[in-house]
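Worksheet for the structure shown next.
Protein chains in written order, with this note's numbering: chain A, 267 to 661; chain B, 216 to 339.
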């Protein structure tokens, strides 16, 4: 179905959203589409249908990303409105002893409820910054968010169903669907080791509130340390498999040449062929304290940001004011756990007159460090180059 | 049928918050493009690739839509659609728009605002 375009409607929509976010007159912003989905604040719109919206950087000044500003990513345009009363989670497949059907109430009542703070980051976050460009959603820095997820352990639910020793992967299907019958349904799988990890959750809340509709209500998979492609929303079916999941979204999509990233946390049963699945989040950092024009005012803007990785833990964040010749160590802030954004801050040095950029880079406890240039790969995944921000006011 | 109803419901829900979709650029092939492509996605998927929308890019994307996503179209349809995309959503079109659009206003061309934006870092 095509919704008929109407210029006045669009202008109204853009203007009201922009005013709501107090962004209307910011330099260079008139062309930036900002729009609010139901229950959300105005976000950067990449696409209407399926809806793909990214979080403006200023929201990352909070260690936890507000639910209403959390990015939205869908592969398919048919998005259900799920009723809590009618919702059922099916757990089955050839590798369970006792197939189960659970209501939301049963999930909350029959299993230990636990919490984890974790970054949910799209594999293609920052794809729009690759040069030369790469086809796919042209994300900036905001296809990610950090939340306190509350739910039950996937391992506990699988134990109730009786996982057989023959189980190889756990597959996840959801209530959203493609408009055309022939388009591959969005089905993802996890290796048993990750599925049974005590931090892998079936979450019904984020940051103390039910999941927003467009962030997976009423239940989504939370896979700390791994990219958001595995964090299936509107989850309604879990299947224990004795052979690898072979659908498009595992066998073809979300893969990278094996050589491109050092993988600590791998997915061996999906590693046939030259490309392996994207798994863990690459170590990364972001400066978050820019002025409204996207620059930093020398000596005056706060110098703050966040760093994160796949849960190995941030070891250090450094900033450079001389294009990477020398680096200064930053002060790390509150620690909400290994999968969380880690805030950091730095002091301004005395800068001689000239043109500057501030560069930021993070390293994790496994010795992985961000790169000066993103590592090219066919689908534009795992962009983790230094964040570079221009400095104003050094005459 | 159920899927179509879902889509309709969604469209209505979203239209309450004034979420009008952008419109495909006018030009030869537009109707076929709408008929074959817009049941699954809005035209902003096209717009965001315009800054590097070479013929090779559009050929590869149309092939991906047919092979991976099973978009229903004949070889002849695909040619018409690639021609349309190359003409209306290629670098030449972006340059034309940049010349004719004041930098501080929303684009007045038939192409929705956002066509010109590329991978530049977004405002904070």
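Positions of the beta carbon are idealized from the N, C-alpha and C atoms, including for glycine.
Note that the region 535-551 of chain A touches the region 624-632 of chain A; at least 3 beta-carbon pairs, one per stretch, sit closer than 8 Å. Within the model, the alpha-carbon separation for residue 559 of chain A versus residue 656 of chain A is close to 10 Å. The alpha carbon of residue 545 of chain A has as its nearest neighbour, out of A:304, A:414, A:387, the alpha carbon of A:387. Straight across, the Cα-Cα distance linking residue 271 of chain B with residue 427 of chain A is about 50 Å. Listed in chain order, the positions of the region 586-608 of chain A with a beta carbon within less than 9 Å of a beta carbon of chain B would be empty, since no residue qualifies. By the CB criterion at 9 Å, residue 420 of chain A and residue 468 of chain A fall inside the cutoff. In the three-state reduction of the DSSP assignment, residue 326 of chain A falls in the helix class, which pools H, G and I. Across the structure, residue 568 of chain A and residue 534 of chain A are spaced so that their CA atoms are roughly 44 Å apart. Assignment of beta-bridge partners to residue 460 of chain A by DSSP yields no partner.
DSSP, reduced to helix, strand and coil, places residue 394 of chain A within a helical segment of the structure shown. Runs of beta strand (DSSP E) with 3 or more residues, each lying fully within the region 526-601 of chain A, are found at 541-543, 550-553, 569-574, 580-586, listed in chain order. Rounded to the nearest angstrom, the gap between the Cα atoms of residue 334 of chain A and residue 289 of chain B is 42 Å.
Where residue 250 of chain B is concerned, there is no enclosing beta strand (DSSP E), although the alpha helix (DSSP H) around it starts and stops at 245-252. Proximity of chain B to residue 449 of chain A at the Cβ level (cut-off 9 Å) is accounted for by 255, 283, 284, 285, 286, in chain order. Using a Cβ-Cβ distance cut-off of 8 Å, the region 517-524 of chain A and the region 501-509 of chain A are not in contact, since fewer than three pairs of beta carbons, one from each stretch, lie closer than that value. Short of 6 Å from the beta carbon of residue 306 of chain A, and not among the five residues preceding or following it, lie these beta carbons of its own chain, in chain order: 334.
In the structure shown, the three-state DSSP call for residue 648 of chain A is coil. Residue state for residue 635 of chain A is assigned as strand, using DSSP reduced to three classes. Note on geometry: alpha-carbon atoms of residue 610 of chain A and residue 583 of chain A lie some 7 Å from one another. Measuring C-alpha to C-alpha distances from residue 320 of chain A to each of A:342, A:393, A:375, A:381 identifies A:393 as the nearest. Taking a C-beta distance under 9 Å as the contact criterion, residue 310 of chain A and residue 408 of chain A qualify as a contact pair. In its chain, beyond the 5 residues on either side, 467, 468, 469, 470 have a beta carbon closer than 6 Å to the beta carbon of residue 417 of chain A.
Here the alpha carbons of residue 617 of chain A and residue 595 of chain A stand approximately 17 Å from one another.
Of all residues in the region 256-281 of chain B, the ones placed with a Cβ closer than 8 Å to any Cβ belonging to chain A are 256, 257, 259, 260, 263, 264, 266, 267, 272, 275, 276, in chain order. Remark: C-beta atoms of residue 543 of chain A and residue 516 of chain A approach each other more closely than 9 Å. Under the Cβ criterion of 9 Å, residue 377 of chain A is not counted among the residues facing chain B. The beta carbon of residue 500 of chain A does not come within 9 Å of any beta carbon belonging to chain B, so the residue lies off that interface. The continuous beta strand (DSSP E) containing residue 366 of chain A extends over residues 366-368. Residues of the region 490-523 of chain A whose Cβ lies closer than 9 Å to any Cβ of chain B, in chain order: 514, 518, 519. Each of A:562, A:314, A:410, A:484 was checked against the Cα of residue 374 of chain A, and the nearest Cα belongs to A:484. Per DSSP, the continuous alpha helix (DSSP H) segment holding residue 303 of chain B begins and ends at 290-303. Counting C-beta atoms within 10 angstroms of its own C-beta, residue 308 of chain B has 16 or more neighbours from the protein chains shown and is therefore classed as buried. Residues of the same chain with a CB within less than 6 Å of the CB of residue 258 of chain B, apart from the 5 flanking positions on each side, are 237, 239 in chain order.
Boundaries around residue 516 of chain A are those of the alpha helix (DSSP H), 514-517, since no beta strand (DSSP E) includes it.
Taking the beta carbon of residue 401 of chain A as reference, the chain B residues within 9 Å of it are 264, 267, 272, 275, 276, 279, listed in sequence order. In the three-state DSSP reduction, residue 480 of chain A falls in the helix class (H, G or I).
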